[in-house]
Each structure stands twice: as C-alpha cells, then as structure tokens.
Amino acid sequence: MNTPRDVLKQVFGHDRFRGPQQAIVEHVLGGGDAVVLMPTGGGKSLCYQIPAILRPGTAIVISPLIALMRDQVQTLTGLGVRAECLHSALPAGAAREVMARLRRGELDILYTAPERFMTQGFANLLAGLPLALFAIDEAHCVSQWGHDFRPEYLQLASIAHDFPGVPRMALTATADGPTRADILTRLELSQARIFATGFDRPNIRYLVEPKDQPRRRLLRFIREEHPGQSGIVYRLSRAKTEDTAQWLTDNGIPALAYHAGLAPAERDRRQDRFMREEGLVMAATVAFGMGVDKPDVRFVAHLDPPKSLEAYHQETGRAGRDGEPATALMLYSMNDFAALRRLIAPEGGEGTRTRIDLSKLDALAGYCETDCCRRQTLLGYFGEARLEPCGNCDVCLDPSEPEDATVAAQKALSCVFRTGQRFGAGHLVDVLLGRPTSQVERFNHREVSTFGIGADLTKDHWRAIYRRLAAMGALAPDEAGHGGLVLTPLAWDILKGQRPFAMRLPKEPAPKERRKRSR
Ligand code: ADP
Ligand code: ZN
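Going letter by letter, the sequence shown gives residues 7 to 525 in this note's numbering.
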C-alpha cells in the first residue's frame with residue numbers, strides 16, 4: 007500500500023479522488039506547501055490524511071474545534087489509522103499517554119488545538135521528532151476578514167521557521183479575496199500552491215434583478231418557473247417572513263414562515279413539514295438553513311440581499327443539492343444596500359470590523375450590478391478562476407450588448423450636481439423626468455437646468471443608470487448617511503467626456519407592462 011490511490015481505496019474505501027484531491031496529495035507528498043480552498047463537504051480532510059499516512063513521521067493537524075477533532079480521530083481509528091488528539095478538555099493522564107505515543111513514533115496523525123500547539127513544552131517535544139506535515143484546518147481563523155478570527159492562529163506563522171522542510175497546508179471553506187491574502191501572508195505561505203475548487207454549482211441558474219414590486223415578482227417567478235416545487239425565500243426580518251408567507255398562501259402557494267422568534271418546538275415542526283412535504287415554500291430569515299439538507303429544493307429567492315457573497319453562496323447553495331436544475335433569484339435595490347450600510351455603520355462608524363463588513367457588502371452590490379457572467383464573478387470572489395462565461399445566468403442568457411450611454415450618464419450626474427448632491431435616486435429620477443412631486447416643489451427643483459431633460463428614457467432606465475453609476479464608484483453615499491448621492495472624481499471624468507459609459511439598459515417592454523399582461 008504505497009500510492010495515494012491504494013490508501014484512498016484500502017483505508018478510506020473510495021474508488022476515485024474528487025476534484026483536485028489527487029493533485030493536492032501529490033504536491034504535498036513531494037514536499038510542497040499548499041493552501042486548500044474548498045466548500046464544506048468538499049473533501050478537504052483526505053488531502054492531508056493521505057499524505058499523513060504515506061509520509062514518514064507524524065502529521066500534526068491544528069484545528070480549533072474539539073468536537074470535530076474527536077470525530078475525526080474516532081473515524082480514523084475505526085479505519086485503522088493511528089490517530090489521537092490533544093486538547094484542553096483531555097484529562098492530564100490521557101494527555102500524557104498521547105504525548106508518550108507521539109514520542110515513541112506510534113502516531114500517524116495528531117490533532118491539536120492552536121493554543122496547545124504554541125506551548126513551549128509541546129514545541130520542544132515536536133522539535134526532536136520526525137514530522138510528516140503540518141495541516142492548519144479552518145485557516146480563515148488567522149484573518150479578521152473571516153467570520154471566526156482567533157488571535158492564537160497568528161502564532162502559527164512560526165512553524166515555517168521552527169520546522170523548515172516540513173510541508174505545511176492551510177485548509178478552509180472561507181475563501182474570499184482578503185481572507186485568502188491574509189492566510190498567505192500571516193501564515194507565511196506565499197510560496198504555497200493554491201488549490202481552489204468546488205465552489206461552482208453548475209445546476210443553479212443565477213438571476214439578479216432590481217427590486218420592483220417584489221412580492222408580485224416572486225409570485226410570477228414561482229408560478230412561471232417553479233410551480234408546485236419546494237423553495238426558500240430569504241427575508242431580512244421576522245415580520246417580512248410572516249408577510250411573505252401570508253402573501254403566498256393568499257395566492258394559493260403553500261408557504262410557512264420561519265425565524266428565530268418562533269418557539270423551538272414550532273420551528274422544528276415547520277422544518278419537518280418543509281423536509282417532508284412537496285411544494286412547500288419557506289419564507290425565512292437566515293435562521294433557517296443550517297442542517298437543512300433537502301435535496302430537491304428547486305429555488306432560493308432573496309427578496310432582501312444577504313450580507314455578503316459568502317452568505318449568498320451558502321444560502322443559494324441550498325437549492326439543487328440533487329444536481330437537477332435549480333434557480334437562485336435575487337431582488338435588490340439601492341435602498342436595501344443603503345439601509346444595510348446604515349445598519350453596519352450607524353454613525354458612519356469606523357473600526358476594522360465595520361470596514362470589513364462594508365467592503366463585503368460592496369462586493370455583493372458589485373455582483374448585483376455586474377455586466378459580466380454572475381458565475382464568473384461569484385467564483386472569482388472565491389479564488390476559483392473560470393475562463394468561459396457560464397451560459398446559465400441572467401447575464402449570459404441576455405442577448406443584448408452593452409450600449410453607449412454616456413450622454414444619459416452625464417444627464418444623471420449633472421442632475422446630482424444641480425440639486426446639491428444631497429438627494430437619493432428616487433428624487434433625482436423625478437427631476438430628470440420632470441415630475442412635479444411635492445419634494446420637487448418644496449426644493450424648487452423645477453428651476454434646475456436638469457428638470458425634465460430625461461423624458462426620453464423611462465423611470466426604470468434612470469434607476470438602472472443610477473445603480474450602475476453607484477456600483478462603478480462614480481456616485482458615493484453622502485457622509486451623513488441620509489441616502490443622498492455625491493459625485494466622485496470618476497463622475498467628473500464622465501461629465502467632462504473623458505470617460506465613456508456603457509451599460510445594458512433594461513429591456514422593453516418595461517416590467518410594468520409585463521406585469522399587467524400576466525395578471
Ligand atoms: P470537508 O472537510 O471539506 O468539509 P470532508 O473531508 O469532511 O469535507 O469530506 C466530506 C465527505 O466527503 C466525507 O464524508 C468524505 O468521506 C467524503 N469524501 C471525501 N473525498 C471523497 C472521495 N474521493 N470519494 C468519495 N467520498 C469522499
Ligand atoms: Zn453566466
């Protein structure tokens with residue numbers, strides 16, 4: 007038994023490697039360092055367990071979760087692999103016994119917690135032993151960008167100096183750009199090979215649309231594309247889950263609400279029904295989903311945006327587990343993003359956490375506004391390069407080409423300037439269209455030079471143009487956080503004609519027309 011394939015088959019009982027597992031195993035067997043980015047359930051453990059068995063010496067696996075360590079050790083022991091774990095919950099006698107086995111060279115794999123690993127005694131013990139490799143599990147814990155920063159992970163950089171020549175691996179399912187960068191620099195893995203894979207869910211079709219009468223859009227979506235099928239509708243608040251469930255029920259679609267405000271027994275009962283029944287729609291907050299492994303969820307709809315692209319990937323990933331076609335629909339508005347920004351940073355607040363959360367939200371807004379393939383954008387965020395557009399998202403399926411809209415953009419930006427850079431898109435569009443609203447009258451905006459100059463386009467067009475300008479950074483939210491828009495230097499480039507502006511304008515017939523017809 008001396009090839010990775012033999013070990014896979016004889017120890018773990020699997021016939022084939024999954025995705026890049028073989029490449030990773032071979033890379034580490036050859037002495038290389040590796041960063042492994044794969045979603046949960048992707049098969050990361052084998053990537054270090056097989057080299058651990060094949061390389062001489064003990065493999066040291068650093069993991070923050072005691073329960074997980076115990077599980078792994080139990081499984082491995084059952085397969086005949088010599089594995090143990092060392093953590094703070096272990097009685098002193100048992101810990102001594104593990105150390106003794108380690109010293110005698112009786113272990114293939116030792117799992118340990120980062121704080122234990124950093125103690126002087128343990129480091130000294132390891133220094134004299136033959137080691138197969140180091141695997142740092144949940145490596146995102148080294149980064150404040152991850153959701154689970156653990157300062158003790160920062161110390162793990164010392165492994166590079168203290169154990170030269172021993173291959174190091176960092177593994178995680180949280181792989182957005184900044185976290186990735188932190189893992190590489192903080193764990194001194196800049197020379198490591200990066201393996202990112204498994205984030206794609208090819209059977210999920212991604213649709214992202216500006217929000218306009220969201221409940222009606224949802225109803226049409228379910229009736230036209232997923233009648234009688236199971237789905238999840240994510241909403242931001244408990245009240246909205248109730249409202250959405252009621253709306254669907256009133257319109258003949260069986261639906262339940264789910265949120266953390268329900269009694270545990272009631273929550274269980276509703277989850278059970280969702281698992282058992284066909285064609286039930288769950289209108290839920292993010293409280294719903296963990297451990298919901300229903301294979302035939304045919305759609306996930308976000309009527310409110312999630313908080314990051316990771317959350318979006320995870321939540322939409324609950325659709326189509328059976329591999330059959332499924333749809334992820336997201337409806338968003340600039341107001342949603344403005345509200346979420348205020349929630350994250352109430353007083354234009356500062357601090358690292360705030361900056362990180364805002365930037366994650368911006369990445370999501372960018373995804374909503376992109377003119378490129380959604381899947382390419384999403385996977386790119388997880389470090390998984392994809393050369394070809396996917397052909398299975400709204401952008402790929404939209405045959406229209408971006409058209410030059412420089413003049414329209416100039417009108418839109420000029421209107422921001424003429425009204426004093428303190429209004430949101432809703433009012434600006436009214437001014438462009440020349441609508442005599444009470445706000446227009448109150449601020450005397452009939453008098454500004456941009457009043458009525460946008461009558462050649464529709465409200466939907468102008469809204470889309472403002473969203474696009476905000477997404478590309480030509481417009482920024484005002485400092486006070488009142489939802490006003492201000493011009494950035496990029497805006498002036500467009501205004502001065504130094505930079506062209508192109509976009510796909512919303513298709514005709516305008517959404518309103520379509521709605522009427524389908525009613
Ligand atoms: P992760 O750590 O990435 O969340 P695991 O390593 O726990 O994922 O693997 C998830 C599941 O996939 C496990 O049940 C494991 O046995 C299984 N698995 C991993 N690799 C293979 C393979 N090559 N063939 C079949 N099953 C595999
Ligand atoms: Zn695509």
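Glycine included, each C-beta is placed from N, C-alpha and C at the ideal position.
heavy atom of the ligand ADP below 7 Å from residue i C-beta
i, result
"M296", "no"
"Q80", "no"
"L52", "yes"
"G48", "yes"
"Q27", "yes"
"M75", "no"
"H33", "no"
"H167", "no"
"H146", "no"
"H93", "no"
"H433", "no"
"V467", "Val is not the amino acid found at residue 467; the sequence shown has His there. Not under cutoff, so the answer is no."
"M175", "no"
"R24", "yes"
"H20", "yes"
"M340", "no"
"M281", "no"
"M44", "yes"
Own chain, CB closer than 6 Å to residue i, minus 5 neighbours either side, in chain order
i, result
"L501", "Q416, L419"
"I59", "V13, D114"
"H232", "R304, F305"
"C91", "M75, V79, Y117"
"T180", "H146, G152"
"C421", "L434, V437, L438, T456"
"P506", "T412"
"F280", "L286, M288"
"K518", "Low confidence applies to K518: its pLDDT is 43, below 50, so where it sits in the model is not reliable, and the reading given next is rough at best. Once the five neighbours on either side are set aside, K518 has no close Cβ partner at all."
"P515", "Unreliable positioning characterises P515 in this predicted model, as indicated by a pLDDT of 43, which lies under 50. A coordinate reading is not provided."
"F445", "According to the sequence provided, residue 445 is Gln. The question's Phe does not apply to it. So the qualifying residues of the chain are H433."
Closer than 7 Å: residue i CB and nearest the ligand ZN heavy atom
i, result
"P312", "no"
"C374", "no"
"G397", "yes"
"R392", "no"
"R207", "no"
"R380", "yes"
"V239", "no"
"V401", "yes"
Neighbourhood of residue i by C-beta distance below 8 Å, restricted to the same chain and skipping five residues each side
i, result
"P260", "L254, E283, G285, L286, V287"
"A290", "I238, V239, Y240, R241, T247, A263, Y264, H265"
"L385", "F205, D206, A391, R392"
"E158", "P120, E121, M124"
"A29", "F201"
"Q197", "D39"
"L160", "V148, R192"
"I189", "V41, A145, H146, V148, S149, A176, T178, L195"
"E112", "R88"
"L213", "T333, A334, L335, M336, C399, D400"
Beta-carbon separation (whole angstroms), residue i vs residue j, contact threshold 8 Å
i, j, result
"L193", "A133", "With 8 Å as the limit, L193 and A133 do not qualify as a contact, their Cβ atoms being about 19 Å apart."
"L439", "A202", "No, L439 and A202 are not in contact; Cβ-Cβ is about 46 Å, not under 8 Å."
"C358", "Q150", "A small correction: the amino acid at residue 358 is Thr; Cys does not occupy that position in the sequence shown. About 6 Å; that satisfies the 8 Å criterion."
"V454", "T425", "6 Å"
"A138", "R61", "4 Å"
"R510", "S406", "5 Å"
"L85", "V17", "5 Å"
"E316", "D182", "6 Å"
Own chain partners of residue i with C-beta closer than 7 Å, once the 5 adjacent residues on each side are dropped
i, result
"G479", "T494, L496"
"K522", "Low per-residue confidence applies at K522: pLDDT is 39, beneath 50, and the placement is therefore not dependable, though the value from the model is reported in the following sentence. Same-chain partners within the cutoff: there are none."
"R24", "G49"
"S524", "The predicted position of S524 is uncertain, since its pLDDT is 39 and thus under 50; a value taken from the coordinates is nonetheless stated next. Hits under 7 Å: R226."
"R22", "none"
"P395", "C379, Q382, C402"
"A345", "none"
"V31", "P10, C53, I56, P57"
"D410", "P506, A508"
Contact between the stretch 319-331 and the stretch 196-210 (3+ Cβ pairs under 8 Å): yes
3 or more residues per run - each beta strand (DSSP E) lying fully within the stretch 237-304: 237-240, 261-264, 287-290
At least three beta-carbon pairs within less than 8 Å, the stretch 115-132 to the stretch 154-166: These segments touch.
Inside the stretch 327-406 only - beta strand (DSSP E) runs reaching at least 3 residues: 332-338
Meets three-Cβ-pair contact criterion under 8 Å: the stretch 429-436 and the stretch 455-475: yes
Runs of beta strand (DSSP E) wholly within the stretch 115-147 (minimum 3 residues, chain order): 115-118, 137-142
At least three beta-carbon pairs within less than 8 Å, the stretch 165-181 to the stretch 212-227: no
Inter-stretch contact at 8 Å, needing at least 3 Cβ pairs: the stretch 62-75 / the stretch 117-125: yes
Segment contact, 8 Å Cβ cut-off, at least three pairs: the stretch 351-365 with the stretch 269-281: no
Entirely enclosed beta strand (DSSP E) segments - the stretch 195-228, minimum 3 residues: 199-202, 210-216
Those runs of the beta strand (DSSP E) which lie wholly inside the stretch 48-116 and span at least 3 residues: 64-68, 89-92
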